[in-house]
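Numbering (this note's numbering), first residue to last: 87 to 394.
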């Protein structure tokens with residue numbers, strides 16, 4: 087996470103955004119500021135990635151690195167980060183009063199202490215699911231429990247980021263990117279976004295995938311589903327919102343999954359995964375409309391066919 091790059095990307099996008107999108111980015115900028123501060127304080131700055139041979143072996147068998155060498159997550163750090171991020175969600179998110187009141191009453195230290203904390207540094211996505219269940223069992227309503235899970239997920243993203251970046255560097259150094267995994271090689275979560283262009287040019291037809299849960303990124307085949315792994319070009323399609331060539335939805339007919347994809351040669355520079363994650367949120371609406379329409383192209387979107 088790099089606030090300077092995030093701010094530069096926001097500045098580049100600002101003239102092209104409507105008021106609602108600008109407000110959303112401003113809201114997330116406040117969350118990112120807290121995450122950046124948490125990340126700088128994280129003990130995972132000294133995370134030691136495993137030796138090259140082990141990296142290659144685990145990558146070859148599709149096992150996550152944190153599953154073997156967990157990142158460190160302390161109860162105090164997680165509770166403090168979740169509390170700080172929940173305060174931003176509560177004060178700036180515009181959520182319903184019952185949700186905000188529930189978040190304000192939450193004793194994060196008590197709930198983190200009652201949670202399966204060892205899981206947080208191994209499989210953070212599973213930990214977040216367990217934490218949401220814990221909030222529900224504690225009497226929190228569904229909407230509030232979901233937002234509590236968001237706060238914990240954002241907190242873990244910040245705490246795990248230094249370890250994830252260490253994994254990125256170690257895998258590159260060890261040439262441990264084959265076979266290329268569908269899920270995050272660090273924490274095992276599914277990819278949130280893909281990027282084509284710039285850094286992937288001249289790398290044998292690859293794209294980059296990015297994990298929103300820990301911040302890890304990794305190379306992946308350009309013409310391949312990032313959900314099920316199929317390479318059947320006839321089953322892979324790209325859709326975009328009319329007039330926006332830089333942001334597309336990679337859809338797989340084989341598994342029904344999709345991944346939001348940015349084409350950097352058509353996008354603004356500098357590049358920020360975090361900013362693109364917010365900007366491309368509208369593609370989730372396109373995906374929802376396609377599902378409602380029986381997987382037909384949504385109104386306002388165009389089908390580019392099986393492009394790479």
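For each residue, glycine too, the CB sits at the ideal point set by N, CA and C.
(message) Whole angstroms are fine: how far does the CA of residue 329 sit from the CA of residue 300?
(response) Residue 300 and residue 329: Cα-Cα distance of roughly 32 Å.
(request) Quick one: grab the DSSP three-state call for residue 142. (result) In the three-state reduction of the DSSP assignment, residue 142 falls in the helix class, which pools H, G and I.
(request) Within the region 264-350, note down every full beta strand (DSSP E) run reaching 3 residues or more, in order along the chain. (result) The qualifying runs are 279-282, 292-296, 303-307, 322-327, 333-338, 344-349.
(message) Helix, strand or coil, according to DSSP, for residue 128 in the structure here?
(response) Coil.
(message) Less than 7 Å between the C-beta atoms of residue 316 and residue 305, yes or no?
(response) Not closer than 7 Å, so no.
(request) Rounded to whole angstroms, what's the CA-CA distance from residue 220 to residue 268? Just pull it up for me. (result) Distance between the alpha carbons of residue 220 and residue 268: 29 Å.
(request) Ignore the nearest five residues each way along the sequence and tell me which others in residue 162's own chain have a CB closer than 8 Å to its CB. (result) Here residue 162 has 195 as same chain residues with Cβ atoms under 8 Å from its own Cβ, once five neighbours each way along the sequence are excluded.
(message) Please return the same chain residues whose Cβ sits closer than 6 Å to the Cβ of residue 168, not counting the five positions on each side in sequence.
(response) For residue 168, same chain residues with a beta-carbon under 6 Å away, outside a window of 5 residues either side, are 194, 237, 238, 241 in chain order.
(message) Let me check understanding here. Comparing Cα to Cα, which of 260, 270, 345 lies closest to residue 282?
(response) Looking at the Cα atoms, 345 is the closest of the given residues.
(message) Check this for me: beta carbons of residue 209 and residue 274, under 7 Å apart or not?
(response) Note that the C-beta distance between residue 209 and residue 274 is below 7 Å.
(request) Check whether the region 222-235 touches the region 129-141, taking contact to mean three or more Cβ pairs, one atom from each stretch, closer than 8 Å. (result) Touching, no, given that fewer than three Cβ pairs across the two stretches are closer than 8 Å.
(request) Give every residue of the same chain whose Cβ lies closer than 7 Å to the Cβ of residue 91, excluding the five residues on either side of it in the sequence, and list them in chain order. (result) Within the same chain, residue 91 has close Cβ partners 356, 358.
(request) For residue 101, count neighbouring Cβ atoms within 10 angstroms of its own Cβ and tell me buried if that reaches 16, exposed if not. (result) Exposed: under 16 other Cβ atoms inside 10 Å.
(request) Rounded to whole angstroms, what's the CA-CA distance from residue 105 to residue 112? Just pull it up for me. (result) Taking the straight line joining both Cα atoms gives about 10 Å.
(message) By alpha-carbon positions, which one of 296, 204, 264, 227 ends up nearest to residue 277?
(response) When 296, 204, 264, 227 are compared, the shortest CA-CA separation from residue 277 is found for 296.
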